[in-house]
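Start counting the sequence shown at 1; every next residue gets the next number (the UniProt record's numbering). Data block below; observations after.
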Amino acid sequence: MLSLILTMLNDAIFSAIPAIGFAMVFNVPRRFLPYCAIAAAMGHGSRTMWLSFGLPIEWATFLAAALVGIVTIAFAKKHLAPPLMYAVAAIIPMIPGTYAFNTVIGLVQLTAQADMSPELVYQVVSNGLKTVFILGALSVGLAMPSLLYFRSRPVIK
Numbered sequence: 001m002l003s004l005i006l007t008m009l010n011d012a013i014f015s016a017i018p019a020i021g022f023a024m025v026f027n028v029p030r031r032f033l034p035y036c037a038i039a040a041a042m043g044h045g046s047r048t049m050w051l052s053f054g055l056p057i058e059w060a061t062f063l064a065a066a067l068v069g070i071v072t073i074a075f076a077k078k079h080l081a082p083p084l085m086y087a088v089a090a091i092i093p094m095i096p097g098t099y100a101f102n103t104v105i106g107l108v109q110l111t112a113q114a115d116m117s118p119e120l121v122y123q124v125v126s127n128g129l130k131t132v133f134i135l136g137a138l139s140v141g142l143a144m145p146s147l148l149y150f151r152s153r154p155v156i157k
């Protein structure tokens with residue numbers, strides 16, 4: 001249990017750093033940078049927690065993105081700012097760069113070879129689909145809380 005807490009804390013700290021950097025690139029005002037870091041730390045830390053419980057990375061990413069969406073709506077309501085100001089920078093550390101990189105490297109290797117290796121084709125397809133599903137989980141998970149919160153009609157009557 002202590003190992004999981006230390007892993008989540010480490011993950012949260014090292015995901016808050018790039019979130020602050022990207023928030024600065026996107027010209028987020030200085031007073032809102034800690035909130036971007038908190039949202040990123042909560043999102044990436046929760047994804048690490050879900051992964052440690054055995055959830056696939058796509059579902060863990062979906063739940064973490066939904067948490068980021070909920071948290072950023074609360075921050076936006078408190079500060080009268082748009083939720084995406086916090087959310088975009090907080091989501092960026094969860095982008096599946098390793099899977100996308102392995103997909104592209106595998107595609108380059110496929111084009112360089114004269115014959116198609118079934119293992120390499122499997123690796124390219126697996127990494128490519130994982131990249132697409134993680135990106136879809138990020139976008140849907142981030143958008144869903146906003147769609148439910150900013151509804152003109154009530155969800156439950």
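For every residue, glycine included, the Cβ atom is placed at its ideal position computed from N, Cα and C. Treat the numbers as computed from the prediction; the structure is a model and nothing was measured.
Requested in this report: Just tell me which of L148, A37, F101 and L120 has its CA closest to the CA of A23.
Outcome: A37
Query raised in the report: Under 7 Å from any heavy atom of the ligand ZN, does the C-beta of I20 make it?
Result: As for the ligand ZN, it is missing from this structure, which has no ligand bound.
Query - Inter-residue spacing [alpha-carbon to alpha-carbon] between N102 and I92 - result: 19 Å
Query raised in the report: Considering only residues of the segment 6–59, which uninterrupted alpha helix (DSSP H) runs meet the minimum length of 4 residues and lie entirely inside it, listed in chain order?
Result: 33–52
Query raised in the report: Helix, strand or coil: which one does DSSP assign to L135?
Result: helix
Report task. Evaluate the contact criterion for the segment 66–77 versus the segment 140–154: three or more CB pairs, one atom per stretch, below 8 Å. Result -> yes
Query raised in the report: Is DSSP giving R114 helix, strand or coil here?
Result: Residue 114 is actually Ala in this sequence, not Arg. In this structure, A114 counts as coil in the three-state DSSP scheme.
Query raised in the report: For P82, which three-state DSSP category applies?
Result: coil
Requested in this report: Compute the beta-carbon to beta-carbon distance between V28 and A89, rounded to the nearest angstrom, for a pair I have assumed lies under 8 Å.
Outcome: 6 Å
Report task. Using 10 angstroms around the beta-carbon of S15, count the other beta-carbons present and answer buried if the total reaches 16, otherwise exposed. Result -> buried
Query raised in the report: With C-beta atoms as the reference, is A60 less than 8 Å away from L51?
Result: yes
Query raised in the report: On the three-pair Cβ rule with 8 Å, is the segment 121–132 touching the segment 99–113?
Result: yes
Query raised in the report: Which one of M49, L33, F32 and R31 has the shortest CA to CA distance from N10?
Result: M49
Query raised in the report: For A12, which residues from the same chain have a beta carbon less than 6 Å from its beta carbon, with the 5 sequence-adjacent residues on both sides left out?
Result: A41 and G45
Report task. Under 8 Å by Cβ, that's how I've got L147 and M94 pegged, so tell me the actual separation to the nearest angstrom. Result -> About 20 Å; that fails the 8 Å criterion.
**Report entry** Member of F26, Q123, L135 and R31 whose CA lies at the smallest distance from the CA of F75
**Finding:** R31
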